[in-house]
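Asks: The working numbering applies: residue 109 is where the sequence shown begins, and numbers increase by one.
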Amino acid sequence: MKLHAPLAASSPQSPSPSEAHLHPHFPIDPPAPASVASAYWVGPRHLAGDDGRLYDTVADTLAGLGWTSLTIVRGRQEPDEAPEDRQVLRSTVLHISPDFLRWAQWVLPDEPFHLGNLPIAWQVSARTDPSSPLAQWSAYFTPDVPGEILAGFLAALDARDQPALPCGGPELVLDAVTAHGWLRDVDQPGTGAVDPTFASHIRLGEVPPLIQDGDPLALVAEADEAALAGWQAWAEPVLGAGYLWAASFSSSVPHDLVAAFADSLSSSAPVLRRVLPESTRDRLLRAPAG
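1. Have a look at G276, V166, L223, L173 and flag the residue whose alpha-carbon is nearest the alpha-carbon of Q213.
2. Is R391 helix, strand or coil by DSSP?
3. Taking the alpha-carbon of L352 as reference, which of G300, G322, S358, W342 has the nearest alpha-carbon?
4. Hey, out of D188, D168, V181, whose CA is closest to V201's CA?
5. What is the residue span of the beta strand (DSSP E) that E314 lies within?
6. Strictly by DSSP, which residues pair up with Y248?
7. Is it the case that the region 283 to 303 contacts the region 361 to 374, given that we only count it when at least three CB pairs across the two stretches are under 8 angstroms?
8. When the Cα atoms are used, what is the spatial distance from V379 to E189?
9. Contact between the region 260 to 269 and the region 295 to 313: three or more CB pairs below 8 angstroms?
10. Between the C-alpha atoms of V302 and H309, what's the straight-line distance to the nearest angstrom?
11. Is T200 helix, strand or coil when you go by DSSP?
12. To the nearest angstrom, how far is the alpha carbon of V281 from that of D168?
13. So, under 8 angstroms CB-CB, A156 and P254 are touching, yes? Tell me the CB distance rounded to an integer number of Å.
14. What is the DSSP secondary structure of D321, reduced to helix, strand or coil?
15. Give me the residue from I228, D218, T305 with the minimum Cα distance to T388.
16. Would DSSP call G224 helix, strand or coil?
17. Please report the straight-line C-alpha distance between G172 and R391, rounded to a whole angstrom.
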């Protein structure tokens, strides 16, 4: 089974604020829940959703790692128009590592393209040289990717001296999930795995269109040639009923970084939640927190 991802717009490759596209009716940050619900420890985490706090969870992680955050808003103001009436045209929230080799961009308010019919919420990229305007690789995450999983990926990215240097092979990723009880794909045991309930998947294969990668072969491949392989992960709690979340890694994302994502994805450790996804509410084990 392959994750198909219809994309509606091209994705940014460098941390330039001019590359974000704003939908003026969406706030930069996701809205907070209307009321404070009871907290639960829940599992499995790959079906637990993002608790409605995907921006905050990731932004707090990056702040703890010492990344700089930039909020840039652009707009148009007519003569004699009050500042509060200015039409906002573009915005972006950008988090940049101290060495300027890696960055994460919150793109959900900016009319992002879609992955598995879900809008992209975070795009994470890295490059080999801070003077280069182009990313060597990019990874994309939709809402309801559990924030703890993305945090694990970002911590591994931050710990790397050379974030774009290849390291290891596909077995790193598959070993990470099978160590936690996931099953190798029966048809493609060397490139894919699924959780024991067959709800969540991770697979190495052809990536959707417009997933940006710095490998020149990705730019010159002809339509009838095999595309470069990249990792994809997704949760589809009910077959054919739509995805809960999806993630896509371009072909040059180092396997050890995807393995860090996979390790956290398949972890049996519970996560704290107040907001549960409707599609998996009845499949989650819950214990009251506190």
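Using N, Cα and C, we set each Cβ at its ideal position, and we do this for glycine too.
Replies: Reading off the structure:
1. If we check each option's Cα against that of Q213, V166 comes out closest.
2. In the structure shown, R391 sits in a helix (DSSP, three-state: H, G or I).
3. Looking at the Cα atoms, W342 is the closest of the given residues.
4. V181
5. Taken as a continuous stretch (DSSP letters only), the beta strand (DSSP E) holding E314 covers 308 to 314.
6. Q231, S356
7. yes
8. 48 angstroms
9. no
10. 4 angstroms
11. strand
12. Taking the straight line joining both Cα atoms gives about 26 angstroms.
13. 5 angstroms
14. strand
15. When each option's Cα is compared against that of T388, the closest is T305.
16. Looking at G224 - three-state DSSP - the assignment turns out to be coil, as it is neither helix nor strand.
17. 33 angstroms
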